[in-house]
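Position in the sequence shown (from 1) plus 18 gives the number in our numbering. Glycine included, each C-beta is placed from N, C-alpha and C at the ideal position. This report refers to the structure that appears directly beneath it.
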Amino acid sequence: MSRLLHAIVVRLNALTSRGPLKRLQPVTEALDEALLGTDKTAKAAPFLSDGMDIKRMMSLVIIGLVPAALAGIYFYGWYVAAMIATSYAVGGMVEVAFAMARRKPIHEGFLVTGLIFPLVLPPTTPLWIVAVGIFFGTFFGKEVFGGTGRNIFNPALVGRLFVSLAFPSYFATMWGKMHWGGAGGFVKWTVDATTQATPLIDFKGSQLISADPISLLLGHAPGCVGETFRIGILLGGLFVVLTRAGDWRVPVSYLGSVAVSALVLRGLMPGRVAPVWFQLLSGGLMFGAFFMANDPVTSPFTFTGRWVYGLMLGILTVLIRALSGLPESVMFAILLMNAVTPLIDSTVVNISYRRATTKVRRLAA
């Protein structure tokens, strides 16, 4: 089988290496690397060696997302798989189109974006909205900046923000009644759309805490596809951190900041701020802390900057939940801090440089 695949790929590479089919070369290169791996090495300095390359990093993040995706299918049926497939198909087409236009290889980043995006949507979201959202997020959130590695904002959240503003009725109350017990949604196609509110919506409307910690941990409370089974999210997030596909500083500082901010602000505004445990276990906080705020492209590259980034994320999350008319704030907090990330890094670097310069002058004196 491997010989047959190798022969097919070699033939495709030959066909697209020149002539009118040359624009398809990024597609054949992607197939080559996906099916047979890659033997490419650096052709110019600097020659750096690291155990973590981009493909391995993306693969580890996808593995970390698997528990949340499987839980989404279990709770809401195989329609979730259709949402994921739609996201990959449309996002992949945008990625391929830009790769062909730029005559550059297809980047693996869309594999993570294509999986995260449907996981942050309500389970009854129509497939055409999934398609519109991933198209908008990939096009305007990433490709217009030059592609993966150059984007300022998390593309999955850009798409999520757009569809939530353009089609608000699908994001207000239509969360669906979850399958629970036995084979759950593994033997169902979808759930019925209902007006059941999420725990955060209940608290925002009437200061009612409608779910206990165990229900929130096990996912027995309505919410977006990938944000409910928090035990799975925690296990997947720990996997990403322990394999160094993501930095532990961002989720630790983010969740810690939420806990401290909620504790302080609840004493000042008890009617507006939920208890610490409810803040940590409700909404998309756990998912956002491990898989969206921790995006290596849109988060700070300095260690100190990551601590500052997580601290500000936590404060913003609690403040927006308490003071705005929105029940959830993780998406807005992350996008706002994405915009501030370059400022954080430049400030940290400048301070470190001034300190180092002062130290050198003292030693030379």
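message = Excluding the 5 residues flanking residue 375 on each side, which residues of the same chain have their C-beta closer than 8 Å to its C-beta?
response = Here the set comprises nothing.
inquiry  = To the nearest angstrom, how far is the alpha carbon of residue 64 from that of residue 340?
reply    = Because the pLDDT of residue 64 is 39, which lies under 50, any placement of that residue in the model is unreliable, and the number read from its coordinates should be weighed accordingly. Their backbone Cα atoms lie some 49 Å apart in a straight line.
query = Is the Cβ-Cβ distance between residue 344 and residue 272 less than 7 Å?
reply = With contacts defined as CB atoms closer than 7 Å, residue 344 and residue 272 fail to qualify as a contacting pair.
message = If contacts are defined as beta-carbon pairs under 8 Å, then residue 268 and residue 324 qualify, I think. What distance do you get, rounded to the angstrom?
response = Correct: roughly 5 Å between the Cβ atoms.
request  = Locate the alpha helix (DSSP H) running through residue 207, then write down its first and last residues.
outcome  = Element bounds for residue 207: n/a, residue is neither H nor E.
query = Quick check: the segment 275-290 against the segment 230-245, are there 3 or more CB pairs under 8 Å?
reply = With contact defined as three or more Cβ pairs closer than 8 Å, the segment 275-290 and the segment 230-245 are not in contact.
key: Three-way DSSP call (helix, strand, coil) for residue 134 in this model   = Taken through DSSP and simplified to helix, strand or coil, residue 134 comes out as helix.
inquiry  = My output table needs one value for residue 368: the three-state DSSP class, helix, strand or coil.
reply    = Judged by DSSP in its simplified three-state form, residue 368 adopts helix.
inquiry  = What residue range does the alpha helix (DSSP H) around residue 222 cover?
reply    = Run containing residue 222: 217-224, per the alpha helix (DSSP H) assignment.
ask   = Would you say residue 91 and residue 99 are within 7 Å of each other, going by their C-beta atoms?
value = For residue 91 and residue 99, yes; Cβs fall inside 7 Å.
request  = Tell me whether residue 141 is buried or exposed, calling it buried when 16 or more other Cβ atoms sit within 10 Å of its Cβ.
outcome  = Buried, since its Cβ has 16 or more Cβ neighbours within 10 Å.
inquiry  = Could you check whether residue 250 and residue 85 sit closer than 7 Å to each other, using their CB atoms as the reference points?
reply    = For residue 85 and residue 250, yes; Cβs fall inside 7 Å.
key: Nearest-angstrom beta carbon gap, residue 225 and residue 289 [assumed within contact, 8 Å]   = The Cβ separation is near 6 Å, so the contact holds.
query = Considering only the beta carbon of each residue, do residue 155 and residue 184 sit closer than 7 Å?
reply = In this structure, residue 184 does not lie closer than 7 Å to residue 155 by Cβ.
Alpha carbon of residue 270 to alpha carbon of residue 328, nearest angstrom = Their backbone Cα atoms lie some 8 Å apart in a straight line.
message = Can you give me the C-alpha to C-alpha distance between residue 309 and residue 76, rounded to a whole angstrom?
response = If I take the Cα positions, the gap works out to 11 Å.
ask   = Rounded to the nearest angstrom, how far is the Cβ of residue 165 from that of residue 176, given a contact under 8 Å?
value = So it is not a contact: roughly 14 Å between Cβ atoms.
request  = Spatial neighbours of residue 59 within its chain, please: CB distance less than 8 Å, with the 5 preceding and 5 following residues excluded, ordered by chain position.
outcome  = The pLDDT assigned to residue 59 is 49, lower than 50, so where the model puts this residue is not dependable; a value taken from the coordinates is nonetheless given after this. Excluding sequence neighbours, residue 59 sits near nothing in its chain.
query = How would you label residue 186, buried or exposed, when you count the other beta carbons within 10 angstroms and need 16 or more for buried?
reply = Residue environment: residue 186 is assigned as exposed (fewer than 16 neighbouring CB atoms within 10 Å of its CB, all protein chains considered).
request  = Round the Cβ separation of residue 348 and residue 291 to the nearest angstrom and send it over; I've been treating them as touching at under 8 Å.
outcome  = Not a contact, Cβ separation roughly 16 Å.
message = Please return the same chain residues whose Cβ sits closer than 6 Å to the Cβ of residue 121, not counting the five positions on each side in sequence.
response = Excluding residues within five positions, none has a Cβ falling inside 6 Å.
query = For residue 93, which of helix, strand or coil comes out of DSSP?
reply = Assignment of residue 93 by DSSP, reduced to helix, strand and coil, places it in the helix class.
ask   = Going by other Cβ atoms of all chains shown within 10 Å of its Cβ, with 16 needed for buried, is residue 326 buried or exposed?
value = Answer is buried; the Cβ neighbour count reaches 16.
task = With DSSP as the reference, label residue 374 as helix, strand or coil.
result = In this structure, residue 374 counts as helix in the three-state DSSP scheme.
task = Measure the CB-CB distance between residue 218 and residue 301 and report whether it falls below 7 Å.
result = For residue 218 and residue 301, yes; Cβs fall inside 7 Å.
request  = Could you tell me the boundaries of the alpha helix (DSSP H) in which residue 272 lies?
outcome  = It spans 267-286 - the alpha helix (DSSP H) in which residue 272 sits, taken as one unbroken run.
inquiry  = Considering only the alpha carbon of each residue, which of 367, 149 and 204 lies closest to residue 87?
reply    = That would be 204, whose Cα lies nearest to the Cα of residue 87.
query = Of the choices 206, 252 and 72, whose alpha-carbon is the least far from that of residue 96?
reply = The option with the nearest alpha carbon to residue 96 is 206.
query = So, using beta-carbon positions, are residue 188 and residue 143 closer together than 7 Å?
reply = With respect to the 7 Å criterion, residue 188 and residue 143 are classified as neighbours on the basis of their beta carbons.
task = Out of 315, 342 and 111, point me to the one whose CA is closest to residue 223's CA.
result = Among 315, 342 and 111, the Cα nearest to that of residue 223 belongs to 342.
key: Entirely enclosed alpha helix (DSSP H) segments - the segment 302-341, minimum 4 residues   = DSSP runs (the alpha helix (DSSP H)) wholly in the segment 302-341: 303-309 and 321-341.
inquiry  = Tell me which residue opens and which closes the alpha helix (DSSP H) that residue 159 is part of.
reply    = For residue 159, the enclosing alpha helix (DSSP H) stretches over residues 145-159.
query = Are the Cβ atoms of residue 148 and residue 101 separated by less than 7 Å?
reply = Against a cut-off of 7 Å, the Cβ pair of residue 101 and residue 148 comes out as a contact.
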